[in-house]
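For the sequence shown, the numbering used here begins at 414 and goes up steadily by one.
Quick reminder that beta carbons are idealized off the backbone N, C-alpha and C, glycines included.
Worksheet: the structure to be examined is printed underneath.
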Amino acid sequence: MPSGNHGLSARSLAELALIVSRLARSVIDDSIVPSGGSLQLFWQNSRTLQQRWVKSLHCWTSADSPDVEFLENLAPRVFACEMLVRTWGTTLIALDRRCGTDDLTYVARSAVVGLQQIRHGILSRLLSLPGTMNDRVMHVDRLRRRCDRWTDLLIGPIAFKSDCFEFAYDSERSRDFGEEGSITDPATGPHPVEHLVSAGLRLTFLKHLSPANLEEPEFAGLMQSVLLSLPECAFHRDGSLRSSLEKRVEVSHRQIEHRADFQLLSLLSGHDHVAPRR
């Protein structure tokens with residue numbers, strides 16, 4: 414069930430993580446190493462997101478009356494972003510092991526560790542809230558646990574062959590998922606577990622993520638960096654989903670440009686004199 418058509422949402426991140434889980438084996442087996450440009454785009458946007466969220470968390474802590482709603486809105490974006498970054502990061506590590514290098518592993522670890530720091534910042538602040546907020550805190554924690562389980566499930570098929578479960582939240586759980594889905598039959602195609610994973614994520618998990626547009630512009634660049642690294646020929650089953658995600662990335666870029674133009678016009682209109690166009 415694709416998320417909305419008006420830009421990127423937390424659901425879009427989970428949908429792309431599903432695509433990565435499905436196509437990672439083709440990327441790894443064919444040693445399709447991402448370009449330097451796409452890797453730089455991946456690292457820069459994950460790093461900028463981290464810096465943006467660190468600043469926001471510091472502002473929340475220093476506020477006179479911190480609002481729990483801020484943490485409730487931030488947490489799903491961070492958890493969904495971790496799903497994508499950890500799933501794609503596992504693919505990068507597996508590629509490194511196949512090619513006998515470690516450059517991709519460094520990029521992946523940097524992105525994962527940065528987001529993990531944000532996660533810890535959110536959870537520590539939630540735990541500091543008064544007991545009257547327990548129900549709201551538990552709601553966020555349930556979403557966290559759901560995201561963790563689905564991340565381990567998506568990582569399993571990628572990590573099983575290369576034994577690279579570094580980014581799984583529970584390596585044994587992820588290993589079990591990977592082993593269960595590793596059996597394929599040339600006559601029947603993928604293991605039925607793969608179809609159950611796809612159906613389960615779309616029908617039961619995505620409804621827990623907000624369909625609201627993501628305001629952070631870095632999400633578009635982050636998703637674009639991953640989409641650019643996935644082979645076109647491997648999309649025989651997920652072509653429509655990829656097309657939908659690519660269109661939403663484009664919409665998000667246009668929304669960012671529109672906001673920037675609006676902010677510039679607002680700034681200029683605040684001055685007594687605006688220089689005429691030439």
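Cβ shell of residue i (< 6 angstroms), same chain only, five flanking positions each side left out
i: M546; result: V481
i: A423; result: P489, R490, A493, L622, S623
i: L487; result: none
i: A581; result: D565, I568, S587
i: L454; result: G634, S638
i: A437; result: T504, I571
i: S575; result: A507, R510
i: L470; result: G534
i: K468; result: none
Neighbourhood of residue i by C-beta distance below 7 angstroms, restricted to the same chain and skipping five residues each side
i: G591; result: G569, P570, A572, F573
i: L421; result: N626, L627, F632, A633, M636, R661, V662, S665
i: S642; result: P447, S451
i: D515; result: D509
i: R532; result: V491, E495
i: L614; result: A427, L431, W563
i: G527; result: S459, R460, Q463
i: L539; result: L484, V550, V553
i: D561; result: Y582
i: D674; result: Caution applies to D674, whose pLDDT of 44 falls short of 50 and renders its modelled position unreliable; the model cannot decide the point.
i: T518; result: L505, I506, D509
i: L542; result: V481, V550
i: N577; result: Looking at the sequence shown, residue 577 is not Asn but Cys. Contacts found: T503, I506, A507, R510.
i: D548; result: none
N- and C-terminal bounds of the alpha helix (DSSP H) containing residue i
i: L454; result: 449-475
i: N486; result: 481-512
i: T564; result: 547-575
i: S587; result: 584-593
i: V525; result: 516-540
i: E579; result: Looking at the DSSP string, E579 is not in any alpha helix (DSSP H), and its letter there is neither H nor E.
i: I441; result: 423-442
i: P632; result: The identity of residue 632 in the sequence shown is Phe, whereas the question assumes Pro. That run of the alpha helix (DSSP H) goes 631-640.
Close beta carbons around residue i, own chain, < 8 angstroms, minus the five adjacent residues each side
i: P689; result: With a pLDDT of only 43 at P689, under 50, the local geometry of the prediction cannot be trusted, and the value read off the model is given with reservation. Once the five neighbours on either side are set aside, P689 has no close Cβ partner at all.
i: F618; result: A427, R559, W563
i: T461; result: E631
i: S444; result: L508, R511, C512
i: E629; result: L462, R465, R490
i: L429; result: L497, M636, V639, L640, L658
i: Q529; result: E495
i: S478; result: none
8 angstroms contact criterion, which residue i and residue j should meet: CB distance rounded
i: A524; j: W456; result: 6 angstroms
i: T397; j: V433; result: The structure shown does not extend to residue 397, since the chain spans only 414 to 691, so no value can be given for it.
i: L484; j: I535; result: 6 angstroms
i: I506; j: E585; result: That pair is no contact at about 18 angstroms.
i: A521; j: G502; result: 3 angstroms
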